[in-house]
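For reference, the structure is listed below as structure tokens.
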Amino acid sequence: MPDKVHPHPDRVTTAALMPALEIAAGEGLLEAASLDDMDEAAILPGALHAAVETLLSFGFTHLLDIGGTDHLPLTPRFEVSYHFAAIDPKRRDPKAPVSRFRLRVFPQDQDPVVPSLTKYWPSANWAEREVYDLFGVRFDGHPDLKRILMPDDWEGHPLRKDYPLRGTRRNFVPGGRVGPIPPTRD
Amino acid sequence: MIDLSAYTDNPDINLSPGAASDTLVLSMGPQHPSTHGVLRVMLKLDGETVVEAEPELGFLHTGIEKQAENLFWQQAVTVVDRADYLAPLSNSLCYVLAAERLLGIDDVPKRAQVLRVIFAELTRIASHLVWLGTHAIDLGAMSNFFYAFEMRERILRIMEFVTGARMHQSWFRIGGVALDVPKGFLALLDEFIAAFPPRLADLRAILEGNVIMMDRLVGVGKIEAADAIAWGLTGPSLRATGVAYDVRKAFPYSGYDEYDFDVPTHDGGDCYSRFLVRVREMHEAWRIIKQARERFPGGPVTIDDRKIVSPPKTEIQHSMEALIHHFKLVSSGFNVPEGHIYSCVESPRGELGMYVTSAGGNKPWRVRWRPPSFYNLQALKRLAQGNLIADVVAIIGSLDPVFGEVDR
Chain V
1 MPDKVHPHPD
11 RVTTAALMPA
21 LEIAAGEGLL
31 EAASLDDMDE
41 AAILPGALHA
51 AVETLLSFGF
61 THLLDIGGTD
71 HLPLTPRFEV
81 SYHFAAIDPK
91 RRDPKAPVSR
101 FRLRVFPQDQ
111 DPVVPSLTKY
121 WPSANWAERE
131 VYDLFGVRFD
141 GHPDLKRILM
151 PDDWEGHPLR
161 KDYPLRGTRR
171 NFVPGGRVGP
181 IPPTRD
Chain D
1 MIDLSAYTDN
11 PDINLSPGAA
21 SDTLVLSMGP
31 QHPSTHGVLR
41 VMLKLDGETV
51 VEAEPELGFL
61 HTGIEKQAEN
71 LFWQQAVTVV
81 DRADYLAPLS
91 NSLCYVLAAE
101 RLLGIDDVPK
111 RAQVLRVIFA
121 ELTRIASHLV
131 WLGTHAIDLG
141 AMSNFFYAFE
151 MRERILRIME
161 FVTGARMHQS
171 WFRIGGVALD
181 VPKGFLALLD
191 EFIAAFPPRL
201 ADLRAILEGN
211 VIMMDRLVGV
221 GKIEAADAIA
231 WGLTGPSLRA
241 TGVAYDVRKA
251 FPYSGYDEYD
261 FDVPTHDGGD
271 CYSRFLVRVR
281 EMHEAWRIIK
291 QARERFPGGP
301 VTIDDRKIVS
311 PPKTEIQHSM
321 EALIHHFKLV
331 SSGFNVPEGH
341 IYSCVESPRG
351 ELGMYVTSAG
361 GNKPWRVRWR
371 PPSFYNLQAL
381 KRLAQGNLIA
391 DVVAIIGSLD
401 PVFGEVDR
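Encoded structure:
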């Protein structure tokens, strides 16, 4: 008996979705794929809002997660991944299929910017702040883009691959110290 | 309105009517006992009513995601465990499933799957018991804490007996579980299965319908289903709005589709509904454990692939080949094919997802968490609005955040 991780979710919605997404994203659509866990599309940041509006019209009401990945030394370097689920507020049958979809957005390497989804989902607020904090990807249109996990005066973005594992060395100075010490590699 | 201007001669203090600002900003935490960890909430108050609540996080940030990128695939199980410290095995289960899927392993032995289910559900009960005890303390009921923790202690004793650790078991491994259960495990489990229902009945008899609980929880922190989905709520917090969404049913893993259990929901959407859903979930978890105990199969607990799972110690002592495999696994781990995958499990707090990327090496390139507490806690902004300051404590308790997971 295999350890079934996820049987194929209902792809009826996503099958109809792909052509609509192609029209909505236009030139911004880089690649579409159907993977084991869910269908996905790779797009440019400019096509994000159009893609998200298409997803919303197909019932993808739940923004599961926004995460970042640094693919250094590959180009494009940064990936911002969005996971969506179509959950009906009137869902009463726990076994009813749930469609899922993933958008992978690839901003440019220098000064990466992605449009914010806070106007569609309030839950995007913290998730985008976290990606900004840990990767330095800015979200255009975010109402309050500031660090969330690291201290406000932190320098650098820790989850970037060129950021050392041990981080910065902060020496204790009685009475406090002004200004950060540059990161040192160990 | 009374004119208080005569009560002070300090020119900086203006007590004349209407002069004082209408709102007060109060910092709650990060050391506040009822924030269940290190959460700071900036509360903007109008009298006792919350106008705005802005949670502040990061006090427990330990860089778990960064650490996981710098360990071998199998080693990373140890740091993954440490995110949600009240339900560590849910974290490792999610990670292990992701890695197995990337490796193309689909033949994890039945015994290992049943053990995974038993321990995941024991973890769920243990986690919910901590929530129940501390939530009740927040609301002024002390004794339940001891009744709940006595039962949790039994679960931790089983964990310790089997895995050697009470908190961070790191017992699920890529390809199965770390070791087979020792003799005496089933007797301990049977003892627990027999002892739990009466204790749960006691706890329910004390708290459910209790007039103080009802006063403090009914109608507090209310949210509608559509709103809850927009705020990214999952788990008991979402099911308390009537949405029957449970990862175990929608995307079954580890053979959950073979167990007979219900997904408790409630339509209220308030703190009391969340309370009811969690309490009923404990009973369902107990039902799953009971079924798993009944079918408890024999056989191996890991896959038979020496490139992934180390050979048994007895073999290493005699076989050169086994020793080489062991040495290779310890010194350089194994490579995982390039790719990315989203794996999810139903943790006690909601949908725990991991978006794992492999670049083909012996370390995960990226392990991105979808921490359920992170999103549930974000909804505090929405839930606390318009409630009284004393209710903020009840709302935080009803969301059951764990800060190891929020801050990672």
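Residue numbers (the numbering used here), protein chains in the order written: chain V, 1 to 186; chain D, 1 to 408.
A virtual CB, placed ideally from N, CA and C, is assigned to each residue, including glycine.
Nearest by alpha-carbon distance to residue 50(D): which of 204(D), 168(D), 381(D), 335(D) is it?
Residue 381(D) is the option with its Cα nearest to residue 50(D).
Below 8 angstroms on the Cβ atoms is my guess for residue 65(D) versus residue 40(D); work out the distance and round it to an integer in Å.
Incorrect: roughly 22 angstroms between the Cβ atoms, too far for contact.
By the three-class DSSP mapping on this structure, what secondary structure does residue 79(V) have?
Note: residue 79(V) maps to strand in three-state DSSP.
Among residues of its own chain, excluding the 5 on either side of residue 390(D), which ones have a beta-carbon nearer than 6 angstroms to its beta-carbon?
Within the same chain, residue 390(D) has no close Cβ partners at all.
When the Cα atoms are used, what is the spatial distance from residue 59(D) to residue 385(D)?
Going from the Cα of residue 59(D) to the Cα of residue 385(D) covers about 24 angstroms.
For the candidate residues 154(D), 166(D), 244(D), 170(D), whose alpha-carbon lies nearest to that of residue 188(D)?
With distances taken between Cα atoms, residue 188(D) lies closest to 154(D).
With a CB to CB cut of under 6 angstroms and the five nearest residues on each side skipped, what residues in its chain are close to residue 119(D)?
For residue 119(D), where only same-chain residues beyond five positions count, the Cβ hits under 6 angstroms are 89.
Within this structure, are the beta carbons of residue 51(V) and residue 24(V) separated by less than 8 angstroms?
In contact: residue 51(V) and residue 24(V) (Cβ atoms closer than 8 angstroms).
Is residue 115(D) near residue 301(D), with beta carbons less than 8 angstroms apart?
In contact: residue 115(D) and residue 301(D) (Cβ atoms closer than 8 angstroms).
Taking all protein chains shown into account, decide if residue 371(D) is buried (16 or more other Cβ within 10 angstroms of its Cβ) or exposed.
With 16 or more other Cβ atoms within 10 Å, it is buried.
Rounding to the nearest angstrom, what Cα-Cα distance links residue 245(D) and residue 221(D) in this structure?
So the two alpha carbons sit approximately 20 angstroms from each other.
Rounded to whole angstroms, what's the CA-CA distance from residue 145(V) to residue 75(D)? Just pull it up for me.
Answer to the nearest angstrom: the Cα atoms are 34 angstroms apart.
Do you know offhand how far residue 35(V)'s Cα is from residue 47(V)'s?
Distance between the alpha carbons of residue 35(V) and residue 47(V): 21 angstroms.
Using the rule of at least 16 other Cβ atoms within 10 Å of the residue's Cβ for burial, across every protein chain shown, is residue 61(D) buried or exposed?
So residue 61(D) ends up on the buried side.
Would residue 178(D) count as contacting chain V if we go by Cβ distances under 8 angstroms?
It does not; no Cβ of chain V falls within 8 angstroms.
Measuring straight from C-alpha to C-alpha, what distance separates residue 356(D) and residue 76(V)?
For residue 356(D) and residue 76(V), the distance between alpha carbons rounds to 18 angstroms.
Determine the closest residue to residue 198(D) out of 282(D), 63(D), 130(D), with distance taken between C-alpha atoms.
The candidate whose alpha carbon is nearest that of residue 198(D) is 282(D).
Out of 401(D), 272(D), 253(D), point me to the one whose CA is closest to residue 139(D)'s CA.
Comparing Cα positions, the closest option is 272(D).
Terminal residues of the continuous beta strand (DSSP E) containing residue 105(V)?
Per DSSP, residue 105(V) belongs to the beta strand (DSSP E) from 100-105.
Taking the alpha carbon of residue 104(V) as the point to measure from, which residue in 20(V), 32(V), 27(V), 17(V) has its own alpha carbon closest?
The residue with the shortest Cα to Cα distance from residue 104(V) is 32(V).
For residue 152(D), count neighbouring C-beta atoms within 10 Å of its own C-beta (all shown protein chains included) and say buried if the count is 16 or more, exposed if not.
Buried: at least 16 other Cβ atoms inside 10 Å.
Taking the alpha-carbon of residue 45(V) as reference, which of 134(V), 156(V), 106(V) has the nearest alpha-carbon?
Minimum Cα distance to residue 45(V) is reached at 106(V).
If you reduce the DSSP assignment to three classes, tell me which class residue 39(V) lands in.
Correct three-state label for residue 39(V): strand.
Looking at the secondary structure, which residues open and close the beta strand (DSSP E) in which residue 55(D) lies?
From DSSP, the beta strand (DSSP E) with residue 55(D) extends over 49-56.
With 8 angstroms as the threshold, decide whether the Cβ of residue 95(V) is near any Cβ in chain D.
So yes, residue 95(V) belongs to the interface.
Using a C-beta to C-beta distance shorter than 8 angstroms, which residues of chain V count as neighbours of residue 91(D)?
By Cβ distance, chain V contributes nothing, its closest Cβ being about 15 angstroms from residue 91(D), past 8 angstroms.
Quick one: Cα of residue 155(V) to Cα of residue 285(D), how far?
Distance between the alpha carbons of residue 155(V) and residue 285(D) is about 45 angstroms.
So the beta strand (DSSP E) residue 115(V) belongs to, where does it begin and stop?
Start and end: 113-115.
Taking just the CA atoms, how far does residue 325(D) sit from residue 318(D)?
The straight-line gap from Cα to Cα measures roughly 13 angstroms.
Measure the C-alpha to C-alpha separation of residue 395(D) and residue 274(D) and round it to an integer number of angstroms.
When rounded, the distance between both Cα atoms is 10 angstroms.
Along the stretch 136-149 of chain V, what residues have a CB closer than 7 angstroms to any CB found in chain D?
Listed in sequence order: 148, 149.
Following the continuous alpha helix (DSSP H) through residue 185(D), name the residue where it begins and the one where it ends.
First-last of the alpha helix (DSSP H) with residue 185(D): 185-207.
Specify the secondary structure class of residue 6(V) as computed by DSSP and reduced to three states.
Note that residue 6(V) scores a pLDDT of 41, beneath 50, so its modelled location is shaky; the value from the coordinates is reported in the next line. Three-state DSSP puts residue 6(V) in coil, outside helix and strand.
Going by C-alpha to C-alpha distance, which of 242(D), 214(D), 296(D) sits closest to residue 92(V)?
The shortest Cα separation from residue 92(V) among 242(D), 214(D), 296(D) belongs to 242(D).
Could you give the first and the last residue of the continuous alpha helix (DSSP H) run that contains residue 118(V)?
Looking at the DSSP string, residue 118(V) is not in any alpha helix (DSSP H), and its letter there is neither H nor E.
Based on DSSP bridge pairs, tell me the residues matched to residue 369(D).
Looking at the DSSP assignment, residue 369(D) forms a beta bridge with 354(D).
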